[in-house]
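Numbering (UniProt numbering), first residue to last: 1 to 589. For glycine and all other residues, C-beta sits at the position ideal for the given N, C-alpha and C.
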Amino acid sequence: MSSESVQSREAPGSFRRGVSRCLAFLEVPVHERQTLSVLKNPDLQPIPKEEQTWGWISNLAYWGIISFSVGTWISANAALSVNLSYPETIGTFIVGDVVTIIFTLANSYHGADWKVGYTISSRFVFGIYGSGLGILVRFLMSIVNYGSNAWLGGLCVNMILDSWSHHYLMLPNTLTKHVAMQTKEVIGFMLFHVIASFFYLMKPYKMNYFLIASCCATCVAMTCMIIYLCKMNGGVGDYFKSTKTTIHGSERAWAWVYMVSYWFGSVSPGSTNQSDYSRFSTSKKAVYIGTTLALLIPTTLIPVYGVIGASTSNDLYGEPFWMPMDICNYWLTNGYSAGARAATFFCGLAFLCSQISYTISNCGFAAGMDLSGVMPKYINIFRGAIFCAVLSIAVQPWNFYNSSSTFLTVAYSFGVIMTPIISVMICDNFLIRKRKYSVSQAFILHGEYYYTWGINWRAMFAFVCGMTPGLPGLASEANPNIKVSQGILNFYLADSFTSFAISFFTYWIVCLIFPVKIKIEQDDKDYYNSFTDEEARRRGLVPFSELLPEEVNEFDYQKNEAPLGRLENSSSLTTADVESDHEVLDKQK
1 MSSESVQSRE
11 APGSFRRGVS
21 RCLAFLEVPV
31 HERQTLSVLK
41 NPDLQPIPKE
51 EQTWGWISNL
61 AYWGIISFSV
71 GTWISANAAL
81 SVNLSYPETI
91 GTFIVGDVVT
101 IIFTLANSYH
111 GADWKVGYTI
121 SSRFVFGIYG
131 SGLGILVRFL
141 MSIVNYGSNA
151 WLGGLCVNMI
161 LDSWSHHYLM
171 LPNTLTKHVA
181 MQTKEVIGFM
191 LFHVIASFFY
201 LMKPYKMNYF
211 LIASCCATCV
221 AMTCMIIYLC
231 KMNGGVGDYF
241 KSTKTTIHGS
251 ERAWAWVYMV
261 SYWFGSVSPG
271 STNQSDYSRF
281 STSKKAVYIG
291 TTLALLIPTT
301 LIPVYGVIGA
311 STSNDLYGEP
321 FWMPMDICNY
331 WLTNGYSAGA
341 RAATFFCGLA
351 FLCSQISYTI
361 SNCGFAAGMD
371 LSGVMPKYIN
381 IFRGAIFCAV
391 LSIAVQPWNF
401 YNSSSTFLTV
411 AYSFGVIMTP
421 IISVMICDNF
431 LIRKRKYSVS
441 QAFILHGEYY
451 YTWGINWRAM
461 FAFVCGMTPG
471 LPGLASEANP
481 NIKVSQGILN
491 FYLADSFTSF
501 AISFFTYWIV
511 CLIFPVKIKI
521 EQDDKDYYNS
531 FTDEEARRRG
541 LVPFSELLPE
551 EVNEFDYQKN
561 EAPLGRLENS
571 SSLTTADVES
581 DHEVLDKQK
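Next up, the structure:
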């Protein structure tokens, strides 16, 4: 045999070995006793008891940071496009808060009960493969939200830099006027990305202290700014009191419905993956109290601050400044005094902390948790978060803030897609599964949640039924050239209610006609050390402390097979199923 022939046969083998080494290098690092598979990595496991440290204050801070942000400050400005007065707008926000509380708390149970995140919750409901749709949708929402908040965060970075340097304050714009941003804004935007990336070195369950500190700092900064403006103006200003509702009758009623739906839709991604953070809580009571307080008090107060800020600045400076950074910029450009610089610096620092907290908790970490469920062997929370940050630049978030109508449409569009997912998950939890799930089966390919070819078609059907009717109205709002009937438009305006009801009852009825075959109701042992001994026994589980080492390792996820006892006692898993799992893993190797 010639040397050329030998070399040609060895080349493919060398290439395969090289690829294998590269894939092995890219695998998520794990501890000695942890394992990886096509369905599992350490970030997807139920949270152990020692990491369940979030009390009601931490839960309040998690949802409160959404309100103590620049986006919420300017939210009332978006209502100008629907012709409601500011007092009525705040009223719609309060009603929207109540709706958000109901949906969010109802969707907290997967995390609060079983200490699992949104990815595993999706497997419970949509199936091992079907969960990919909900994960992908949530990831795309995270990218858009990340870009939007990073842009506002970049403006906060510029507040700090402006207070440091008068030259930077007056930095000329070198970009063409056809681009909807300036040179300074690009610098701040990119610096924010760099600063935020360091916070991903922190574990998600440890970020509650930063959330609490950010909420406190931003609350103080915003309150001090409003007190100063009101004192200088001698009141809240005429702009706040003079706005009137210019629509009446049914048009006014539908405007109310729209604003309530918009208010929920703007935070619906956070409500969807609520289990990602409710799993960190010490108890369900902590989730209830913290979430309720956060979604009632600051979500009402901060939009009022925004209106007062615009009203007083209109009287004082001749122009309504909706962005708090615009107010600080006016102070600096009209007298670069030590007081103005100090006020701008501390406000900028507080707002920056708020934007970082919001961006990493609701967008970055959320995206990382989502992607870790798509490729568990190669993506963990850190890698997924960085990937989301990079992609967020592509959404061109500077265009979100060109006009109030653009911002409103972008924010509201989240609810059109996310509400049906929330609805189906709530229905499955309370009416179909009765809050009982076998967590270990979520890591088995042909297990309890394989359904039909890996997809729970009932959940998919309900999701599509709830989402589809709202899409024409969304398209019409985004592009006025697309004409739809008033009925279709009204359906879109009330989408947070109509799509929820359609998906909820569709899934329930379909499950009554074609029942889900529940063969393993829940685990019989606390394999993941997620509960105290008392909690485990109350749930009908053998406590982790009473398990032998071989029982703890009963599920060898590296091989992705169920324990022998389960295979003997349940028809849900067959020998062929386990062999199929081995084939998948062998191909991956």
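{"query": "Distance, Ile421 Cα to Gln182 Cα", "result": "38 Å"}
{"query": "Trp56 - containing alpha helix (DSSP H), residue span", "result": "56-67"}
{"query": "Every unbroken alpha helix (DSSP H) inside the segment 492-548 [4 residues or more]", "result": "495-513, 533-538"}
{"query": "Trp56 burial status per 10 Å Cβ neighbour count (16 or more: buried)", "result": "buried"}
{"query": "Delimiting residues of the alpha helix (DSSP H) encompassing Ser436", "result": "Position check: residue 436 holds Lys in this sequence, whereas Ser was assumed. That residue, Lys436, is in no alpha helix (DSSP H); it is neither H nor E in DSSP."}
{"query": "Spatially closest choice to Cys230 from Ile308, Ala340, Ser438, by CA coordinates", "result": "Ile308"}
{"query": "Reduced DSSP category for Leu352 - H, G, I as helix; E, B as strand; rest coil", "result": "helix"}
{"query": "Secondary structure of Ile94, DSSP reduced to three states", "result": "helix"}
{"query": "Segments assigned alpha helix (DSSP H), at least 4 residues, entirely inside the segment 79-147", "result": "86-106, 109-114, 118-126"}
{"query": "Where Ser392 falls: helix, strand or coil (DSSP)", "result": "helix"}
{"query": "Neighbour flag for Ser503 against chain B, beta carbons, 8 Å", "result": "Judged by its chain identifiers, the structure shown contains no chain B, having just a single protein chain."}
{"query": "Sheet register partners of Thr452 (DSSP bridge)", "result": "Ile455"}
{"query": "Terminal residues of the alpha helix (DSSP H) in which Asp315 lies", "result": "298-317"}
{"query": "Complete alpha helix (DSSP H) runs within the segment 243-297 (minimum length 4 residues, chain order)", "result": "249-265, 268-272, 275-278, 284-296"}
{"query": "First through last residue of the alpha helix (DSSP H) which encompasses Met232", "result": "208-233"}
{"query": "Buried versus exposed, by CB contacts within 10 Å (16 or more), Pro376", "result": "buried"}
{"query": "Local conformation of Trp322 per DSSP, three classes", "result": "coil"}
{"query": "Proximity test, Pro298 beta-carbon vs the ligand SAM heavy atom, cut-off 7 Å", "result": "What this structure holds is no ligand at all, so the ligand SAM is not there to describe."}
{"query": "Of the listed residues Gly470, Ile455, Ile513, Cys215, nearest to Gly134 (C-alpha basis)", "result": "Ile455"}
{"query": "Inter-stretch contact at 8 Å, needing at least 3 Cβ pairs: the segment 119-138 / the segment 161-181", "result": "no"}
{"query": "Minimum C-alpha distance to Thr299 - residue among Pro46, Asp370, Thr92", "result": "Thr92"}
{"query": "Separation of Tyr109 from Val552, as counted between CA atoms", "result": "25 Å"}
{"query": "Val194 - DSSP class collapsed to helix/strand/coil", "result": "helix"}
{"query": "Outcome for Asn59 when other beta-carbon atoms lying within 10 angstroms are tallied against a minimum of 16", "result": "buried"}
{"query": "Cβ neighbours of Asp428 in the same chain (closer than 6 Å, five flanking residues each side left out)", "result": "Val125"}
{"query": "Cβ neighbours of Asn83 in the same chain (closer than 8 Å, five flanking residues each side left out)", "result": "Thr245, Thr246, Ile247, Ala255"}
{"query": "Met222 to Leu140 span [Cα, whole Å]", "result": "31 Å"}
{"query": "Own chain, CB closer than 6 Å to Ser405, minus 5 neighbours either side, in chain order", "result": "Note that Ser405 scores a pLDDT of 48, beneath 50, so its modelled location is shaky and nothing firm can be said."}
{"query": "Local Cβ density within 10 Å of residue 617, reported as buried at 16 or more and exposed below that", "result": "Lying before the first or after the last residue shown, residue 617 is absent from the chain, which here runs from 1 to 589."}
{"query": "Start and end residues, alpha helix (DSSP H) containing Val70", "result": "70-73"}
{"query": "Whole-angstrom distance between Asp495 and Asn202, CA atom to CA atom", "result": "What sits at residue 202 in the sequence shown is Met, not Asn. Between Met202 and Asp495, the C-alpha separation is close to 37 Å."}
{"query": "Among Met159, Asp43, Ala213, Ile94, nearest to Ser357 - alpha-carbon criterion", "result": "Ala213"}
{"query": "Sufficient close CB pairs (3 or more, under 8 Å) joining the segment 463-473 to the segment 482-495", "result": "yes"}
{"query": "Proximity of residue 629 and Trp73 at Cβ, strictly below 8 Å", "result": "Residue 629 is absent from the model: the chain starts at 1 and stops at 589."}
{"query": "Assigned secondary structure, Leu332 (DSSP; H/G/I helix, E/B strand, else coil)", "result": "helix"}
{"query": "Alpha helix (DSSP H) segment containing Tyr168, residue limits", "result": "166-169"}
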